[in-house]
Amino acid sequence: MTKSNGSKNTSALISTRSLVLAALAATSAVGCNAVSDSSESILLGLGSEESGAPRCLSHSAGIIGLSDTAISMNGNAQVKGAIVLLGHSTLSAHGNVKVGDSVYSPSRDAIHFTGHASAGKIVEQDLSSLEPVLLHVIDQMEAMKPTQILNSIHSSQTLAGKGGINVIRIDGDIALSGQDQLTISGSKTDLFIVNVSGDLSLSGKAGMVLQGDAQSQNVVFHLSRSGAQIKVSGNGNLFGTLIATRGSAHLSGNGTLKGSIIAWDSIDLSGNPAAFDASPFCPFWLPATAPAPTPSPSCQPTAQPSGQPSGQPSGQPSGEPTSQPSSPPSGQPSATPSATPTSTVTPDPAPTGEPTPAPSPTGQLPVMQL
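All you need for the numbering used here is the position in the sequence shown, starting with 1, plus 354.
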């Protein structure tokens, strides 16, 4: 999903730098992949079902401006999470705007606060190289085969989870008004990926409802069309991560969002809207489209191969035990002298003589801590 539109071309961003592997939902299951999450980190974990690691955006990421996004906040708008400016993105905040967490930007000059506008901290740090990784994950979601296809939604509708991954394709717009509600019904393990070909607009008291045990961090709306718009006004509540990789997002009125916003062209918050309790996309797992990782890597690099095949520990064929055991026998002859070699042979499926420094299986990226 390389964006191309005049000066907003990000094809040059081909960096291989990556983000921290997160474990927001299953730290105990992730084991060595677990990373303690903090408000100082923006995380995107590219785990897999095999590793048990979720693919996450940090719970602290409330708004992410892709490339040259102009982010504007006015009135009493609040963001309880962090704001991340990528590329030449800018942030202008006026009035009583409050950003509860940090603002990350390649340059402080891109940030303009007036009036009583404030932020927890301004961190001058260029995270632009993370954008291709983020777009790659969004590409994977867009490429997934739909489990349900719907036409435009113009009245109350329920999206019911069927267990596991629910990929819902909307051929058209989601446009709700008045008292209309979009209900997302499912269990804690239901994942909702909603790919929308048109716009997303809610006005009046129209909003979203989570039903059952559906989780906001397991819901994502992705608008793929160039120029697509996310427009929310009125008093509605929204849940999930709203993504417009080639479009813009505008929130006004008194609505709240429990989730996050990722957009490219512009992001405008005015009135009293809030990215309330930022809760970005963090499914339990998202299947990798790349080839599966080579046999489960362990937390540490596998038993340092020494350049000689580990199957021959003593220079004598392992099948012929010597009368004197090579390690102190502790009073009993080793019944199976070849047992030692076997334990060291298991690790490397195909030793190359030169072990890779830190195994990084396909689908899992190296670690970068902010």
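The beta carbon of each residue, even a glycine, is placed where N, CA and C say it ideally should be.
| Check | Outcome |
| --- | --- |
| Cβ pair Gly558, Gly540 closer than 8 angstroms | no |
| Secondary structure of Gln571, DSSP reduced to three states | helix |
| Cutoff 6 angstroms; reference Asn608; Cβ partners in own chain excluding five residues on either side | Asn589 and Asn626 |
| DSSP three-state assignment for Pro679, whether helix, strand or coil | At Pro679, the pLDDT of 46 sits below 50, so the modelled position is not reliable and the matter cannot be decided from this model. |
| Cβ pair Leu489, Thr595 closer than 8 angstroms | no |
| Beta-bridge partners of Asp525, as assigned by DSSP | Asn505 |
| Candidates Ile503, Ala560 and Leu439: closest to Glu478 by CA position | Leu439 |
| Nearest-angstrom Cβ-Cβ length linking Met427 and Leu623, presumed shorter than 8 angstroms | 5 angstroms |
| Start-to-end residues for the alpha helix (DSSP H) that takes in Val487 | Glu485 to Ala497 |
| CB of Gly469 within 8 angstroms of CB of Asn450, strictly | yes |
| Where the beta strand (DSSP E) through Asn549 begins and ends | Leu545 to Val550 |
| Close Cβ partners of Leu504 (< 6 angstroms) along its chain, the five nearest in sequence each way excluded | Ile524 |
| Neighbourhood of Thr501 by C-beta distance below 8 angstroms, restricted to the same chain and skipping five residues each side | Lys516, Ile519, Asn520, Val521 and Ile522 |
| Nearest-angstrom Cα separation, counted from Ser483 out to Pro460 | 11 angstroms |
| Span separating the alpha-carbon of Ile584 from that of Leu592 | 12 angstroms |
| Within 8 angstroms, strictly: CB atoms of Gly454 and Ile437 | no |
| Helix, strand or coil at Asp463 according to DSSP, with G and I counted as helix | helix |
| Cβ pair Gln511, Leu536 closer than 8 angstroms | yes |
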